[in-house]
Amino acid sequence: MVFKRTDSQEPISYQALLYENNSLKKELNSLRTRLTEDEELRHAEEELRKSEERYRTLFMNMTDGFLLAEIICNKEGKPYDYRYLEVNPAFELHTGMKREQILGRTVLEVFPHVDRKRVEKYLEIAFTDKAKHFEVFSQKMCKYLDVYVFSPEKGKIAIIFIDITERKQIEEKTHQRAEEIETVMEVAPIAILISHDPQCDNITGNKMANEFYGVKTGENVSANIVPVRRYFHKSHELATDELPMQKAAFKGIDVRNEEIDVLLPGGEWRALLGSASPLHDAEGNVRGGVAAFMDITQRKKAEAKLKETLDNLEELVKQRTEELEKAYDSLKESEEHLRLTLEGSKAGMWMWDLRANWKITPQMNALLGRSESSPIKYEEFISMIHPEDQERVAQAWNKAIECKDFYDQEYRIFLPDGSIHWLSSKGSVIELHSGIRQLMGITTDITERKQAEEKIRYLANIVESSNDAIITKSLDGIITSWNKGAEQIYGYTAEEILGKNMTTLVPFPSDHEMEALIERIKKGEKVEHYETLRLRKDGIIINVSLSLSPVFDVTGKLTAISAIVKDITRSKKAEEALRKSKEQYQTLFNSISEGFANCKAIYNEHGTLCDLLILDINPAGARLSGCEREAQIGKTMREIWPDVEDYWFEAYQKVDQTGESIQFENFGNMPGKWFTIQIDRIEKGQFAVTFRDITEKKVAQEALAKIETARNKEIHHRIKNNLQVISSLLDLAAEKFRNKNHLDSYEVLEAFRESQNRVMSIAYIHKELHEGEGLEKLNFSLYLEKLAENLFQTYSVGHSGISLDLDLEDNVFFDTDIAVPLGMIVNELISNSLKYAFQGRDKGTIRIKLFSEGVINESNSKDELKRKNTKYTLTVSDNGIGIPDNINLENTDTLGLQLVSTLVDQLDGKIKIGRDQGTEFNICFNTCNNGD
1 MVFKRTDSQE
11 PISYQALLYE
21 NNSLKKELNS
31 LRTRLTEDEE
41 LRHAEEELRK
51 SEERYRTLFM
61 NMTDGFLLAE
71 IICNKEGKPY
81 DYRYLEVNPA
91 FELHTGMKRE
101 QILGRTVLEV
111 FPHVDRKRVE
121 KYLEIAFTDK
131 AKHFEVFSQK
141 MCKYLDVYVF
151 SPEKGKIAII
161 FIDITERKQI
171 EEKTHQRAEE
181 IETVMEVAPI
191 AILISHDPQC
201 DNITGNKMAN
211 EFYGVKTGEN
221 VSANIVPVRR
231 YFHKSHELAT
241 DELPMQKAAF
251 KGIDVRNEEI
261 DVLLPGGEWR
271 ALLGSASPLH
281 DAEGNVRGGV
291 AAFMDITQRK
301 KAEAKLKETL
311 DNLEELVKQR
321 TEELEKAYDS
331 LKESEEHLRL
341 TLEGSKAGMW
351 MWDLRANWKI
361 TPQMNALLGR
371 SESSPIKYEE
381 FISMIHPEDQ
391 ERVAQAWNKA
401 IECKDFYDQE
411 YRIFLPDGSI
421 HWLSSKGSVI
431 ELHSGIRQLM
441 GITTDITERK
451 QAEEKIRYLA
461 NIVESSNDAI
471 ITKSLDGIIT
481 SWNKGAEQIY
491 GYTAEEILGK
501 NMTTLVPFPS
511 DHEMEALIER
521 IKKGEKVEHY
531 ETLRLRKDGI
541 IINVSLSLSP
551 VFDVTGKLTA
561 ISAIVKDITR
571 SKKAEEALRK
581 SKEQYQTLFN
591 SISEGFANCK
601 AIYNEHGTLC
611 DLLILDINPA
621 GARLSGCERE
631 AQIGKTMREI
641 WPDVEDYWFE
651 AYQKVDQTGE
661 SIQFENFGNM
671 PGKWFTIQID
681 RIEKGQFAVT
691 FRDITEKKVA
701 QEALAKIETA
711 RNKEIHHRIK
721 NNLQVISSLL
731 DLAAEKFRNK
741 NHLDSYEVLE
751 AFRESQNRVM
761 SIAYIHKELH
771 EGEGLEKLNF
781 SLYLEKLAEN
791 LFQTYSVGHS
801 GISLDLDLED
811 NVFFDTDIAV
821 PLGMIVNELI
831 SNSLKYAFQG
841 RDKGTIRIKL
851 FSEGVINESN
861 SKDELKRKNT
871 KYTLTVSDNG
881 IGIPDNINLE
891 NTDTLGLQLV
901 STLVDQLDGK
911 IKIGRDQGTE
921 FNICFNTCNN
931 GD
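Structure (structure tokens):
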């Protein structure tokens, strides 16, 4: 085996002998393992070195700015800044800051005006495993940056950023360009469609396209292209894939200036001129298409009319030429005839030499309102034309001259007297043998025709927009005209019904009703609002109202009949329903057992409701009120019952003002009768009154009340006994604790005495209720006197100099819901004063004051006038040492004051503490009492 030394190239020769020695083998294997591990370690270190070199090369040469920073926290451990540990050259390039200027410094030191919220967002990432992207604008660099923040290890953040200012500018320009294109599409006077897919399944359009196809902005137009519309090109009906945009998208070709005729759903034809091109994606594949088209219907009609006029003019010129050739000798005679004709008609001839002014006949001068016979200049003539027609007439004039075309225009002119007339001018260019061109023609006043056309158009619009059917039929019953209203009423379109007999619309032709109506018109009779039946297309028979009028020709001969038909089916059904409703109402009105009346309010000059006029009353109402029905209707309430009390009218006025119903009970006019009465407002000043005899119910209630009184006496007696037992048990318990020397007997006795007083305050209430005549209400003033006396007796030891001052309103009655909590409150407050207020004093005064402060009445009836909402004030005070300032009812540890606060809340009351002279508790609460 040969080895080489690391410091020499000379081989070294060793001789190895193989020994059968296990120990030696183990050592050799161990040596071999260590050599292998060392070799792997050297290899790993070499790879690490290369990796670091690659990282350093990337770090130094990358175009993205990079920084590594450590987080700085305040005393509470909250991060608020970071310190630069490393930055790359790109960072220096982007920020303009040198590496030496910022390493070891914090971001707030280097950039004191940096956005603190942005820094906080970066710092949050240092404690998470999630990286985040931000797009920010750097005020210092005036650049938009794409920032990537991550935490390479806890407490550190790395930030990589790149300048995206140019990209943002491109995006802004792209957005502006898109807005401009969108605006152009919306204001362009042509319809534009865009397919967003090669199959043209998703198509949107601009405003004009949406209006043409009847869709809303942003909706898919493709559903309205076919089959609801049919398309033709040179009389050939086009399939979907033959339409311009579909051809452009399917075949990837451009389509230019293709004329298409469209049959709309309503039967109208439109002529369109359109072009289309495919749209390609970045790879050149077709991704959709765009098409633009304009409606050239009017242009096509104008071209057809112009062609017809030219054909007529050519024929006229041809005839005139033949006449000139055949009868040149009769030219003067013809000119004379023409002159006489023009003089007798509203027409004038004119000739315009292109090198000079107009030459016009006297008749033409008359049409223009000119008195002089001198030639008229072109500018003068144009100035007379209506401003809205000037440009059109001038363009047609120039076109005729340039193209040697026929001139045919209708326009308005202003005459010297200020009136406006319509003129029709027709002419053509004549080239003389000398080469001079002249434009010759004839002008006619068509004002009367235009006025007639406008009137006809106005009447046609009325007929077409009317909801009534307007039909014209011949004398033998054949339908000759049919408007939209007729389509809506009968269901037939004009194409379906024109030419058919009117008997098609008659459900029973055999009764010859139509023939009889026609005969009446022939005799000169009027047929107005004639109600009959007619048959719709769907077989439904409807009610109609007919008005027939004769139609005469120019000689006064009757030639046709005009019919105006109104569908009155709904009104007929409504009349029938109203009739049945009235019958049902009258049946119910007469048969119900409850009294029911309609009344009308009568107000005096002060705006106060002072009486009621009875409009109607049912039999039950008359019976219950004890007065005949006929004797009440048309009479006022005061006329029938002069002694009626004012509270009735107050209740009615309240219902009239608020619109809210009122129900109350009343002891009625018939002796010994009780009624429940409800007032409802039908409309302003009119009422429906329902009243029912509840005398039997009242008798039953009184019987139940007596039973309830006996039951309450028994309950109060039992409660009193039970509470006395509780008091006795507590007393025994106190005696038991008193004999145990190892207990603090005073505290135990005091606790039991307080509990005993609380229970006894309740027991006194039930005792008073049991002994008194009022079984539901307690004379609280008397109760307070007894309660206070009992408490003074309980705490008499050591308090002989303490006096009690009572100022109680007489006859204050409360039910148990008020009396129990209020009695316990007084018990607690007097006990507190006796225990704590006069410590170290021999004399003092405890004052109790109870009084009412106000009454609010709310009444709907005489009985309810007795109801009162009363506000009461209870004051318990002493002139002792006063309650400490640190004690308040919202936060107290004493059981007594906690109980007081809870009980005041139970009463929905309010409590205030005064500390000026001793202690004063002021408690306010409301009660709702029924008067005795």
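Residue 330 in the UniProt record's numbering sits at position 330 of the sequence shown, and the numbers go up by one each step.
Beta carbons are placed, not taken as given, at the ideal position from N, Cα and C, and that holds for glycine.
Query raised in the report: Under the DSSP definition of a beta bridge, which residues are partnered with Phe161?
Result: Taking the sequence shown and counting its residues from 1, one reaches residue 161 at position 161. Paired residues: Gly65 and Val147.
Query - Between the CA atoms of Glu109 and Lys117 - distance to the nearest angstrom - result: Mapped onto the sequence shown, residue 117 falls at position 117. Mapped onto the sequence shown, residue 109 falls at position 109. Approximately 16 Å between the Cα atoms of the pair.
Query raised in the report: Is the stretch 867-877 close to the stretch 921-930, with three or more CB pairs under 8 Å?
Result: Taking a contact to require three or more Cβ pairs closer than 8 Å, the stretch 867-877 and the stretch 921-930 qualify as touching.
Query - Residues of its chain near Arg534, where Cβ-Cβ distance is below 6 Å and the 5 sequence neighbours each way are ignored - result: Your numbering for residue 534 matches position 534 in the sequence shown. Excluding positions up to five away in sequence, the list reads Leu505, Ile542 and Val544.
Query raised in the report: Whose C-beta lies closer than 8 Å to the C-beta of Ile125 among residues of the same chain, with five residues either side of it excluded?
Result: Here residue 125 corresponds to residue number 125 of the sequence shown, with the count starting at 1. Ala131, Lys132, Val149, Phe150, Ser151 and Ile157.
Query raised in the report: Measuring CB to CB, does Thr816 end up less than 8 Å from Thr870?
Result: Here residue 816 is taken as the residue at index 816 of the sequence shown, counted from 1. Here residue 870 is taken as the residue at index 870 of the sequence shown, counted from 1. No, Cβ-Cβ distance for Thr816 and Thr870 is not below 8 Å.
Requested in this report: Within the same chain, show all residues whose beta-carbon is closer than 6 Å to that of Ala271, passing over the 5 residues directly before and after it, in chain order.
Outcome: As a position in the sequence shown, residue 271 is number 271, starting the count at 1. Cβ neighbours of Ala271 beyond the five flanking positions: Asp261, Ile296, Thr297 and Lys300.
Requested in this report: State the Cα-Cα distance for the pair Leu651 and Arg692, rounded to the nearest angstrom.
Outcome: Indexing the sequence shown from 1 puts residue 651 at position 651. Indexing the sequence shown from 1 puts residue 692 at position 692. Sequence inspection shows Ala at residue 651; the Leu mentioned does not correspond to that position. When rounded, the distance between both Cα atoms is 18 Å.
Query raised in the report: Should Lys247 be labelled buried (16 or more other beta-carbon atoms within 10 Å of its own) or exposed?
Result: On the sequence shown, position 247 is the one that residue 247 refers to. Buried is the call here.
Report task. Could you pull the start and end residues of the beta strand (DSSP E) that Asp807 belongs to? Result -> Locating residue 807 in the sequence shown gives position 807, where the first residue counts as 1. It spans Ile802 to Leu808 - the beta strand (DSSP E) in which Asp807 sits, taken as one unbroken run.
**Report entry** Counted within 10 angstroms of its Cβ, other Cβ atoms place Gly344 as buried (16 or more) or exposed
**Finding:** Position 344 of the sequence shown, counted from the start, is the residue given in the question as residue 344. In this predicted model, Gly344 has a pLDDT of only 47, less than 50, meaning its place in the structure is not dependable enough to derive any value.
Report task. State the Cα-Cα distance for the pair Asp81 and Asn74, rounded to the nearest angstrom. Result -> Within the sequence shown, residue 81 is the residue found at index 81, counting from 1. Within the sequence shown, residue 74 is the residue found at index 74, counting from 1. Approximately 9 Å between the Cα atoms of the pair.
Requested in this report: Whole angstroms is fine: what's the gap from Asp129's alpha carbon to Gly77's?
Outcome: The sequence position of residue 129 within the sequence shown is 129, counting from 1. The sequence position of residue 77 within the sequence shown is 77, counting from 1. Distance between the alpha carbons of Asp129 and Gly77 is about 19 Å.
Query raised in the report: Whole alpha helix (DSSP H) runs in the UniProt domain "PAS" (51-130) with 4 or more residues, listed along the chain?
Result: 89-95, 99-102, 107-110 and 116-125
Query raised in the report: Where do the N-terminal and C-terminal ends of the alpha helix (DSSP H) with Ser275 fall, by residue?
Result: The sequence position of residue 275 within the sequence shown is 275, counting from 1. Note, Ser275: premise wrong, no alpha helix (DSSP H); beta strand (DSSP E) at Trp269 to His280.
Query raised in the report: Taking the alpha helix (DSSP H) that Lys207 falls in, what are its first and last residues?
Result: Sequence index remark: in the sequence shown, residue 207 carries index 207 (1-based). Run containing Lys207: Lys207 to Tyr213, per the alpha helix (DSSP H) assignment.
Query raised in the report: Taking the Cβ atom as the reference point for each residue, do Thr493 and Thr480 lie within a distance shorter than 8 Å?
Result: Sequence index remark: in the sequence shown, residue 493 carries index 493 (1-based). Sequence index remark: in the sequence shown, residue 480 carries index 480 (1-based). Going by C-beta atoms, Thr493 is not nearer than 8 Å to Thr480.
Query raised in the report: Where do the N-terminal and C-terminal ends of the beta strand (DSSP E) with Gln917 fall, by residue?
Result: Taking the first residue of the sequence shown as position 1, residue 917 is located at position 917. Careful: Gln917 lies outside any beta strand (DSSP E) and carries neither H nor E.
Report task. Could you please give me the residues that DSSP links to Gly409 through a beta bridge? Result -> Taking the sequence shown and counting its residues from 1, one reaches residue 409 at position 409. The identity of residue 409 in the sequence shown is Gln, whereas the question assumes Gly. Gln409 is bridged to Ser425.
Query raised in the report: Which same chain residues, not among the five before or five after Ile640, have their C-beta less than 7 Å away from its C-beta?
Result: Position 640 of the sequence shown, counting from 1, holds the residue named residue 640. Hits under 7 Å: Cys627 and Gln632.
Query raised in the report: Taking just the CA atoms, how far does Tyr490 sit from Ala469?
Result: Taking the first residue of the sequence shown as position 1, residue 469 is located at position 469. Taking the first residue of the sequence shown as position 1, residue 490 is located at position 490. Each residue's alpha carbon lies about 9 Å from the other.
Query raised in the report: Going by DSSP, which residues form a beta bridge with His236?
Result: Along the sequence shown, one-based indexing puts residue 236 at 236. Paired residue(s): His233.
Query raised in the report: DSSP on Gly621, reduced to helix/strand/coil?
Result: The sequence position of residue 621 within the sequence shown is 621, counting from 1. Gly621: helix per DSSP, three-state reduction.
Query raised in the report: With C-beta atoms as the reference, is Arg915 less than 8 Å away from Gly880?
Result: As a first step, residue 915 must be located in the sequence shown, where it is residue number 915. As a first step, residue 880 must be located in the sequence shown, where it is residue number 880. Cβ distance not < 8 Å, so Arg915 and Gly880 don't count as in contact.
Requested in this report: With distances taken Cα to Cα, identify the nearest neighbour of Lys207 among Ala191, Ala44, Lys713 and Ser661.
Outcome: Locating residue 207 in the sequence shown gives position 207, where the first residue counts as 1. Cα-wise, what sits closest to Lys207 is Ala191.
Requested in this report: Pick helix, strand or coil for Tyr647, following the three-state DSSP scheme.
Outcome: Reading the sequence shown from its first residue, position 647 is the one you call residue 647. Helix.
**Report entry** In chain order, each alpha helix (DSSP H) run of at least 4 residues that lies wholly inside the stretch 872-909
**Finding:** 895-906
Query raised in the report: Would Val831 pass as a contact of Asp878 if the rule is Cβ separation under 8 Å?
Result: As a first step, residue 831 must be located in the sequence shown, where it is residue number 831. As a first step, residue 878 must be located in the sequence shown, where it is residue number 878. Checking the displayed sequence, the identity of residue 831 turns out to be Ser instead of Val. No, they are not a contact pair.
Query raised in the report: In the structure shown, what three-state DSSP assignment does Pro821 receive?
Result: Mapped onto the sequence shown, residue 821 falls at position 821. Pro821 falls in the helix class under three-state DSSP.
Requested in this report: Go ahead and pull the three-state DSSP assignment for Phe508.
Outcome: Sequence index remark: in the sequence shown, residue 508 carries index 508 (1-based). Note: Phe508 maps to coil in three-state DSSP.
Query - Cβ-Cβ distance between Cys599 and Val689 below 8 Å - result: On the sequence shown, residue 599 is found 599 positions in, with the first residue counted as 1. On the sequence shown, residue 689 is found 689 positions in, with the first residue counted as 1. A contact, by the Cβ cut-off of 8 Å.
Query raised in the report: Taking Lys143 as the reference, which of Lys654, Phe127, Thr95 and Val228 has the closest Cα?
Result: Against the sequence shown, residue 143 aligns to sequence position 143. Measuring from the Cα of Lys143, the nearest candidate turns out to be Thr95.
Report task. For my contact list, Glu410 and Ile446 are in at a C-beta cut-off of 8 Å; report their separation, rounded to the angstrom. Result -> Here residue 410 refers to the residue found at position 410 when the sequence shown is read from its first residue. Here residue 446 refers to the residue found at position 446 when the sequence shown is read from its first residue. Yes, Glu410 and Ile446 are in contact; Cβ-Cβ is about 7 Å, under 8 Å.
Report task. Since I believe Leu704 is in contact with Leu784 (beta carbons under 8 Å), could you give me their beta-carbon distance rounded to a whole number of angstroms? Result -> Against the sequence shown, residue 784 aligns to sequence position 784. Against the sequence shown, residue 704 aligns to sequence position 704. About 33 Å separates the two Cβ atoms, so there is no contact after all.
Report task. Look at the alpha carbon of Ser330 and the alpha carbon of Ile564, and state the distance between them as a whole number of angstroms. Result -> Mapped onto the sequence shown, residue 330 falls at position 330. Mapped onto the sequence shown, residue 564 falls at position 564. No answer about Ser330 holds up, because its pLDDT of 49 lies below 50 and its placement is not dependable.
**Report entry** Residues of its chain near Lys912, where Cβ-Cβ distance is below 7 Å and the 5 sequence neighbours each way are ignored
**Finding:** Residue numbering aside, residue 912 sits at position 912 when the sequence shown is read from its first letter. Correct list, in chain order: Asn922.
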